[in-house]
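A.B. asks: In the numbering used here, the protein residues as written are 37 to 370. By construction, the Cβ of each residue, glycine as well, lies at the ideal position given by its N, Cα and C atoms.
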Ligand code: TRP
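Listed below in structure tokens is the structure:
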């Protein structure tokens with residue numbers, strides 16, 4: 037494994053994964069785990085920055101995201117899955133990094149700004165922890181010397197912040213860290229079922245990996261299409277239409293998708309047929325995930341996988357921190 041490049045990526049464990057997570061980053065992770073030394077973080081400390089008043093949600097989220105990740109195809113034999121809170125070196129590195137970032141720089145982070153808008157409670161009283169979570173994310177990535185970070189598009193400002201911190205650290209204390217690069221999935225951002233810009237669990241517009249066939253059917257049947265198309269004979273709009281965005285992302289039968297699009301635009305197909313075919317495509321996509329998911333249903337097994345991964349991550353993190361403390365001239369006691 038010595039000459040494999042290293043990946044670090046992760047999730048805030050606040051609930052089950054949905055299709056948006058998959059196309060943004062998780063499918064990439066599964067593909068990349070053969071080629072790269074992959075570390076996957078369950079960022080429970082970061083999840084607490086905006087859920088400090090709901091600790092049960094974060095605790096349960098750890099097992100939900102873990103089970104979903106394994107269901108998608110993350111293989112614990114190939115990838116190291118670990119728990120952020122159990123690696124205190126991340127907290128230590130975050131404190132060191134906080135000297136290298138200004139408050140005004142953090143306030144300009146567009147993703148933090150977006151999230152603040154969605155959380156009315158933070159608008160006039162931003163907790164320090166939330167403002168600086170991008171700093172701790174830089175520590176997540178670099179504590180294992182991650183070089184590649186497969187993420188959704190919304191995470192790009194954080195990777196840029198990480199690169200700035202790395203450059204500053206290396207220039208002041210000497211070269212310790214590689215500058216990580218982001219890798220965005222094939223579909224950068226999946227619209228919600230309601231046509232909202234983003235599939236987000238807080239907006240109730242998601243299809244979850246764990247959804248049953250019946251749930252998928254109900255959700256797709258309620259999906260938004262072209263609002264100006266009343267009758268199946270009206271000429272419809274394919275571009276920006278959520279149902280077709282999903283066909284493009286998940287239907288492997290490209291011929292079928294092209295045929296549906298053509299007929300939709302010329303008023304020769306009804307919404308129901310377009311949706312039936314989408315339901316079918318989604319189930320073809322989700323069935324193997326459902327099957328793997330059922331194999332990872334036991335809490336004991338999940339605990340074992342997480343403990344093993346965390347042990348390995350702890351070792352890597354402590355090796356990095358030895359270098360960091362030495363570079364920073366931290367007094368070493370005997
Ligand atoms: N911020 C990421 C999210 O909201 C989760 C995350 C935490 C992460 N630490 C990370 C992603 C490090 C990539 C690398 O999903």
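What does DSSP give as the partner residue(s) for residue 218 in the beta ladder?
C.D. replies: BP columns for residue 218 point to 185.
A.B. asks: Let me check you understand the geometry: is the CB of residue 177 closer than 6 angstroms to at least one non-hydrogen atom of the ligand TRP?
C.D. replies: For the ligand TRP, at least one heavy atom lies less than 6 angstroms from the Cβ of residue 177.
A.B. asks: Around the C-beta of residue 283, are 16 or more other C-beta atoms found within 10 angstroms, so that it is buried, or is it exposed?
C.D. replies: Buried: at least 16 other Cβ atoms inside 10 Å.
A.B. asks: Assign residue 50 to one of three DSSP states: helix, strand, or coil.
C.D. replies: DSSP places residue 50 in coil when its eight states are reduced to three.
A.B. asks: Looking at residue 120 and residue 164, is the spacing between their C-beta atoms short of 7 angstroms?
C.D. replies: Contact: no.
A.B. asks: Run through the region 123 to 209 for me and flag every whole alpha helix (DSSP H) of 4 or more residues, listed as ranges in chain order.
C.D. replies: Counting only runs of 4 or more, we get 124 to 133, 139 to 143, 146 to 154, 164 to 167, 169 to 179 and 192 to 209.
A.B. asks: With a threshold of 6 angstroms, establish whether the CB of residue 198 neighbours any heavy atom of the ligand TRP.
C.D. replies: No, the beta carbon of residue 198 sits no closer than 6 angstroms to any heavy atom of the ligand TRP.
A.B. asks: Out of 264, 112, 199 and 272, state which residue places its alpha-carbon closest to the alpha-carbon of residue 344.
C.D. replies: Checked all of 264, 112, 199 and 272; the closest Cα to residue 344 is 112.
A.B. asks: Closest to residue 75 by CA distance: which of 347, 370 and 365 is it?
C.D. replies: Nearest option by C-alpha distance: 347.
A.B. asks: How about residue 325: is its C-beta nearer than 7 angstroms to some C-beta of chain C?
C.D. replies: Chain labels in this structure do not include chain C; a single protein chain is all it has.
A.B. asks: Any heavy atom of the ligand TRP within a distance shorter than 6 angstroms of the CB on residue 185?
C.D. replies: Answer for residue 185: yes, Cβ within range of the ligand TRP.
A.B. asks: Check whether the Cβ atoms of residue 257 and residue 229 sit closer than 7 angstroms, and answer yes or no.
C.D. replies: Going by C-beta atoms, residue 257 is not nearer than 7 angstroms to residue 229.
A.B. asks: Check whether the Cβ of residue 100 sits closer than 6 angstroms to any heavy atom of the ligand TRP, and report yes or no.
C.D. replies: No, the Cβ of residue 100 stays beyond 6 angstroms of every heavy atom of the ligand TRP.
A.B. asks: How about residue 79: is its Cβ closer than 6 angstroms to a heavy atom in the ligand TRP?
C.D. replies: Yes.
A.B. asks: With DSSP collapsed to three states, give me the class of residue 75.
C.D. replies: Strand.
A.B. asks: Is it true that the CB of residue 194 sits closer than 7 angstroms to the CB of residue 214?
C.D. replies: It is not a contact, given that the beta carbons lie outside the stated cut-off.
A.B. asks: Would DSSP call residue 239 helix, strand or coil?
C.D. replies: The answer is helix: DSSP assigns residue 239 an H, G or I state.
A.B. asks: Please determine, among 268, 335, 366 and 329, the residue with the shortest C-alpha to C-alpha distance to residue 299.
C.D. replies: Of 268, 335, 366 and 329, the residue nearest in Cα terms is 268.
A.B. asks: Do residue 61 and residue 221 have their C-beta atoms closer together than 7 angstroms?
C.D. replies: Yes; because the gap between Cβ atoms is below 7 angstroms, this pair is in contact.
A.B. asks: From what residue to what residue does the alpha helix (DSSP H) around residue 226 run?
C.D. replies: It is not in any alpha helix (DSSP H) - residue 226 carries neither H nor E in the DSSP assignment.
A.B. asks: Return helix, strand or coil for residue 248, following the three-state DSSP convention.
C.D. replies: Three-state DSSP puts residue 248 in coil, outside helix and strand.
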